[in-house]
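One structure is given below, encoded as structure tokens.
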Amino acid sequence: MKLFLCCLVFMMTLPSAHPPPPGKLDASLIRPSGRLVIITLDGVRWQELYKGADPELLNDTEYTSDTSSMNLMYGGQTEEIRRQRLMPFLWNVISRKGQLYGNRSLRSHMNVSNIYSFSYPGYHEMFTGNTDLAISSNKKKHNPHTNVLEYLNGQELFSGKVAAFTSWDVFPYILGQKRNNLVINSGYENMEDKGSATFAAVNEVQTNILTEHVGTRKDQLTFITAKEYMAKEQPSVVLLGLGETDEFAHSGKYDLYLESLSKADQMIAELWNWIQSTPGYRNNTSLLITTDHGRGSKHDQWTSHGFFIKGSSQTWMALMGPGIEPLGEMKNGKQLYQQQLASLMAGLVGEKFGDHDMLTDSSRVTRR
Ligand SMILES: [Zn+2]
Numbered sequence: 057m058k059l060f061l062c063c064l065v066f067m068m069t070l071p072s073a074h075p076p077p078p079g080k081l082d083a084s085l086i087r088p089s090g091r092l093v094i095i096t097l098d099g100v101r102w103q104e105l106y107k108g109a110d111p112e113l114l115n116d117t118e119y120t121s122d123t124s125s126m127n128l129m130y131g132g133q134t135e136e137i138r139r140q141r142l143m144p145f146l147w148n149v150i151s152r153k154g155q156l157y158g159n160r161s162l163r164s165h166m167n168v169s170n171i172y173s174f175s176y177p178g179y180h181e182m183f184t185g186n187t188d189l190a191i192s193s194n195k196k197k198h199n200p201h202t203n204v205l206e207y208l209n210g211q212e213l214f215s216g217k218v219a220a221f222t223s224w225d226v227f228p229y230i231l232g233q234k235r236n237n238l239v240i241n242s243g244y245e246n247m248e249d250k251g252s253a254t255f256a257a258v259n260e261v262q263t264n265i266l267t268e269h270v271g272t273r274k275d276q277l278t279f280i281t282a283k284e285y286m287a288k289e290q291p292s293v294v295l296l297g298l299g300e301t302d303e304f305a306h307s308g309k310y311d312l313y314l315e316s317l318s319k320a321d322q323m324i325a326e327l328w329n330w331i332q333s334t335p336g337y338r339n340n341t342s343l344l345i346t347t348d349h350g351r352g353s354k355h356d357q358w359t360s361h362g363f364f365i366k367g368s369s370q371t372w373m374a375l376m377g378p379g380i381e382p383l384g385e386m387k388n389g390k391q392l393y394q395q396q397l398a399s400l401m402a403g404l405v406g407e408k409f410g411d412h413d414m415l416t417d418s419s420r421v422t423r424r
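Residues in the sequence shown are numbered consecutively from 57, following the working numbering.
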């Protein structure tokens, strides 16, 4: 009996051996458009997205230096007030025009399928549509698996029209650039300026002005580069991978984690406004926003994530676009998985990819 109890306790601490089956979303409520922008916010918890700033962390001087100002910025009596203050574009616009998944308070669930719950395995799962036990570190190792971005780039319709801009410099390895030659600008890599004053300015900042270069570039530089590339080259499928949120969380700076999330919300707002005022993109572009992993849900574990930290597998996603029905926060109790995202990305531009469909009957989707 003692042994049995021991085993039971051990098993209860492990991720469930029989996770719930993957839910499917109705393809008639998520229809494709001609273009797609994927935005990833590294290591952002569903808790901040759906409940705003955590009052306990906001008032803990170990994590928040200026508790008074930060409370005025992001505090509030209710979760609705706090989340609205933190991410006004998400809650004023996307929640009214799009769909939001992963609010556990409404029984909407999305999780990673990989057992590791950190970045490389997360992005691998997201873009290849599968997990691989051997993908078990964040090291710069070439990923041998085909991903949805290179798949789309290999289709006639999207050939040369897929591009990725990421703050984290491991993406060229995750996305197999050595094999597929995808357009990927990552970390502090310069762009060939080709007469663009914006590319030249970003290069100047990266090369001569910013003295401290770590593995993750300042998100604003990634954003400016992506937007300029979109204006010049008109790509059909774009990945914008932001990373500062995870960096600040790991260093235990809740105030800066919130600020970088708030800035990401502003960038999304600016990008959406540009999309909706630019011919070719206007009313022809879907937005998919998600994260690579969750973080610890306990007060002293929010800074970290991984196999042993509860909450790390919990993710979320937001969708908006001309084919996305404005259903707001989803309350359907369906369980979605990160490995279904690759098929969703393909489905959002009318293509099929991967072994794990997210949409019902997605073989019959037609481009609008
Ligand atoms: Zn991390």
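Virtual Cβ for every residue (Gly too), placed ideally from N, Cα, C. As the structure is a prediction and not an experimental result, all values here were calculated from the model.
{"Query": "Local conformation of Tyr-393 per DSSP, three classes", "Result": "strand"}
{"Query": "Rounded distance between the beta-carbons of Ile-150 and Ala-374, thought under 8 Å", "Result": "5 Å"}
{"Query": "The alpha helix (DSSP H) enclosing Ala-256, as first and last residue numbers", "Result": "253–260"}
{"Query": "Cβ-based neighbour list, Gly-243, same chain, cut-off 6 Å, excluding 5 preceding and 5 following", "Result": "Asp-225, Arg-273"}
{"Query": "Ser-165 - DSSP class collapsed to helix/strand/coil", "Result": "What sits at residue 165 in the sequence shown is His, not Ser. Here His-165 sits in strand by DSSP."}
{"Query": "Asn-203 at chain D interface by Cβ criterion, 8 Å", "Result": "Reference to chain D is not applicable here, since this structure consists of a single protein chain."}
{"Query": "Local Cβ density within 10 Å of Leu-238, reported as buried at 16 or more and exposed below that", "Result": "buried"}
{"Query": "Beta carbon nearer than 6 Å to a non-hydrogen atom of ligand 1", "Result": "Gly-99, Phe-174, Ser-175, Asp-302, His-306, His-361"}
{"Query": "Exposed unless 16 or more other CB atoms sit within 10 angstroms - verdict on Gln-133", "Result": "exposed"}
{"Query": "Secondary structure, beta strand (DSSP E): runs of 3+ residues fully inside the stretch 105–182", "Result": "155–157, 165–167"}
{"Query": "Residue span of the alpha helix (DSSP H) that contains Thr-301, given as start and end", "Result": "300–306"}
{"Query": "Which listed residue (Leu-397, Phe-214, Gly-232) has its alpha carbon closest to that of Lys-196", "Result": "Gly-232"}
{"Query": "Stretch pair the stretch 245–258 + the stretch 266–285: three plus CB contacts closer than 8 Å", "Result": "yes"}
{"Query": "Check whether Met-401 and Val-204 have beta carbons under 8 Å apart", "Result": "yes"}
{"Query": "Cα-Cα separation between Leu-415 and Pro-111, rounded to whole angstroms", "Result": "37 Å"}
{"Query": "At least 3 beta-carbon pairs within less than 8 Å: the stretch 333–343 vs the stretch 72–92", "Result": "yes"}
{"Query": "Assigned exposure category for Val-270 - 16 Cβ within 10 Å defines buried", "Result": "exposed"}
{"Query": "Segment limits, beta strand (DSSP E) that includes Met-376", "Result": "373–376"}
{"Query": "Under the three-state DSSP convention, the category Gly-403 falls into", "Result": "helix"}
{"Query": "Span of the beta strand (DSSP E), counted from its first residue to its last, around Arg-91", "Result": "91–97"}
{"Query": "Inter-residue spacing [alpha-carbon to alpha-carbon] between Val-218 and Gly-108", "Result": "33 Å"}
{"Query": "Contact check, Gln-395 vs His-412, beta carbons under 8 Å", "Result": "yes"}
{"Query": "Continuous alpha helix (DSSP H) stretch holding Phe-279: start and end", "Result": "275–289"}
{"Query": "Nearest-angstrom Cβ-Cβ length linking Ser-316 and Glu-300, presumed shorter than 8 Å", "Result": "4 Å"}
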